[in-house]
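Be aware that the sequence shown starts at 6, since it is given in the working numbering, and climbs by one per residue. For glycine and all other residues, C-beta sits at the position ideal for the given N, C-alpha and C. Quick caveat, the model's predicted, so the values are computed rather than measured. Please read the structure below before turning to the comments.
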Amino acid sequence: MTTEPAGLAGRTAFVTGAAQGLGYGIASALAEAGARVALTDVDEDRVRDAADALRREGRDVIALPLDVRIEASFERAFAGVLDRWGRVDVMINNAALTAHGSLWDITSDEWDEVLAVNLRGCFFGCRIAGRHMRETRAGGRIINLSSIAGQQASAASGAHYAASKAGILALTRAFATELAAYRVTVNALAPSAVESPALRELDAAQRERLALATPLGRFCEMHEVAAAAVFLAGDGAGYITGATLDLNGGRLMR
Ligand SMILES: NC(=O)c1ccc[n+]([C@@H]2O[C@H](COP(=O)([O-])OP(=O)(O)OC[C@H]3O[C@@H](n4cnc5c(N)ncnc54)[C@H](O)[C@@H]3O)[C@@H](O)[C@H]2O)c1
6 MTTEPAGLAG RTAFVTGAAQ GLGYGIASAL AEAGARVALT DVDEDRVRDA
56 ADALRREGRD VIALPLDVRI EASFERAFAG VLDRWGRVDV MINNAALTAH
106 GSLWDITSDE WDEVLAVNLR GCFFGCRIAG RHMRETRAGG RIINLSSIAG
156 QQASAASGAH YAASKAGILA LTRAFATELA AYRVTVNALA PSAVESPALR
206 ELDAAQRERL ALATPLGRFC EMHEVAAAAV FLAGDGAGYI TGATLDLNGG
256 RLMR
C-alpha cells in the first residue's frame, strides 16, 4: 500500500506569535502536514517549550525569539530560518494583542501598542517574506490573521483592536497585488471568537452574548482555523489571493 505524501512536505513555514493559542495550533497543523516550521514569539521561554512539545511528537521545528514590532528583530529571526533551512515558503502573521474596552478609555499608549504589534508587525512580516519570495521566484503563501472584529462592529472588541484587524485586510490586498506576478498568494483568515486563551479573558455574559449571536451556536475551534491555514498554504489554494476567508459560524454572511 502506498501512502500519500503529506501535503506540505518539503515546505518551510514561519509562524509569528506561536508560543500559544492559534499560532501554536497553526504551527502544529502545518508541521503535521509535513512542513518544517519555525515557531517565533516575543515570549522566548514559552516558544521554546512549545517547539520542544512538537519535537517530542516527531515534528521538524525550531523556536526563535521575535518581537514583531521591531523590523531588525524580524530580520534576525528570518535570517535564523534561512541559515537553518535556506528558504521560507509559508509566512503566517499571527502575533497580536487582543484588546477590549470602551473606545472612550483607550490611552494613546494603548492605541500605539496594539497597532504596533497587530498592524505594523503584520506589515513587517508580509514585507520580509514578500521580499524573500520575490527573490527566490519559487512562489509562496502569506497568511494574515485578521478577525471578524475588522469587518463588523462589536462591543466585545476594542476599537484599536478592530482598527488593526481592518488594516490587516487592506495590507493583505496590497501585498496580494504586489506579489501576484511572483506566484505569491496573500490571504487573510477572519475568525470570530475561537476557543482559546484570549477568549477565556471575556466574562460569562460576554461569552453568552457572542454564542447567541452566532447562527452555528458555538465558538470556532482552534483546529478549524488551523485547517483553513493548512488549506491556504497548500497547492489546492493556488488561485486564491487577496481573499478573506471567514470562519465566523454564519455571524457575517457576504
Ligand atoms: N482567539 C480568538 O478568538 C481570535 C478570533 C479572531 C482572530 N484572532 C486572531 O488570531 C491571532 C491569534 O490569537 P490568539 O487568541 O491565539 O492570541 P494569544 O494572545 O493567545 O497569542 C498571541 C501570541 O502572540 C505573542 N505576541 C504578543 N506580542 C508579540 C510581539 N510583539 N511579537 C511577537 N509575538 C507577540 C504572544 O506572546 C502570544 O504567544 C491574533 O492575530 C488574533 O487577533 C483570534
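Whether residue i touches residue j by CB criterion (9 Å)
i	j	result
Val235	Leu252	no
Ile31	Ile97	yes
Val66	Ala56	yes
Arg142	Trp90	no
Phe180	Arg146	no
Ser152	Ala121	no
Leu124	Leu176	yes
Tyr166	Ala154	yes
Ala233	Leu215	no
Leu108	Ala161	no
Leu71	Thr21	yes
Gly28	Leu44	yes
Gly192	Ala101	Before going on, a small fix: residue 192 reads as Asn here, not Gly. Going by C-beta atoms, Asn192 is not nearer than 9 Å to Ala101.
His228	Ala84	no
Unbroken alpha helix (DSSP H) run spanning residue i, endpoints
i	result
Thr67	This sequence places Ile at residue 67; Thr is not what is there. No alpha helix (DSSP H) holds Ile67; the beta strand (DSSP E) holding it covers Val66 to Pro70.
Gly172	Ala164 to Leu184
Arg146	Where Arg146 is concerned, there is no enclosing alpha helix (DSSP H), although the beta strand (DSSP E) it sits in stretches over Gly145 to Leu150.
Val52	Glu49 to Arg61
Phe79	Glu76 to Trp90
Asp114	Ser113 to Leu120
Ala234	Met227 to Ala238
Residue range of the beta strand (DSSP E) that includes residue i
i	result
Ile97	Val95 to Asn98
Thr294	The structure shown does not extend to residue 294, since the chain is modelled only from 6 through 259, so no value can be given for it.
Arg132	Note, Arg132: premise wrong, no beta strand (DSSP E); alpha helix (DSSP H) at Gly126 to Thr141.
Gly30	Element bounds for Gly30: not the beta strand (DSSP E) but the alpha helix (DSSP H), Gly26 to Glu37.
Leu194	Val189 to Pro196
Asp46	Arg41 to Asp46
Ala18	Thr17 to Val20
Asp251	Thr249 to Leu252
Buried versus exposed, by CB contacts within 10 Å (16 or more), residue i
i	result
Pro220	exposed
Tyr244	exposed
Ala168	buried
Leu150	buried
Met6	Any reading at Met6 needs caution, since the residue's pLDDT is 47, under 50, leaving its predicted position unreliable; the model's value is listed next. Exposed, by the Cβ-count rule.
Asp110	exposed
Arg64	buried
Asp46	buried
Val222	According to the sequence displayed, residue 222 carries Gly and not Val. The residue in question, Gly222, is exposed, as its Cβ has fewer than 16 Cβ neighbours within 10 Å.
Thr8	With a pLDDT of 48 at Thr8, under the threshold of 50, the modelled position of this residue cannot be trusted, and the question is left open.
Leu217	exposed
Thr260	The first residue shown for the chain is 6 and the last is 259, placing residue 260 beyond what the model contains.
Ala36	buried
Thr246	buried
Ala68	buried
Gly135	buried
Reference residue i; option with closest CA among the options
i	options	result
Phe129	Gly163, Val73 and Asp117	Val73
Ala38	Asp54, Ala154 and Thr17	Thr17
Glu183	Ala216, Leu102, Ser159 and Met138	Met138
Leu59	Ala23, Ala203 and Glu49	Ala23
Glu226	Thr246, Glu206 and Gly254	Gly254
Glu140	Asp94, Ala101 and Ala171	Asp94
Gly26	Glu62, Glu200 and Arg188	Glu200
Asn99	Ser113, Gly126, Ala186 and Ala14	Gly126
Ser113	Leu69, Asp88 and Ala164	Ala164
Leu250	Ile173, Arg53, Glu62 and Ala203	Ile173
Ala238	Gly85, Gly106 and Gly144	Gly144
Glu49	Arg61, Ser78, Glu62 and Ala34	Ser78
Gly15	Trp116, Arg92 and Glu118	Arg92
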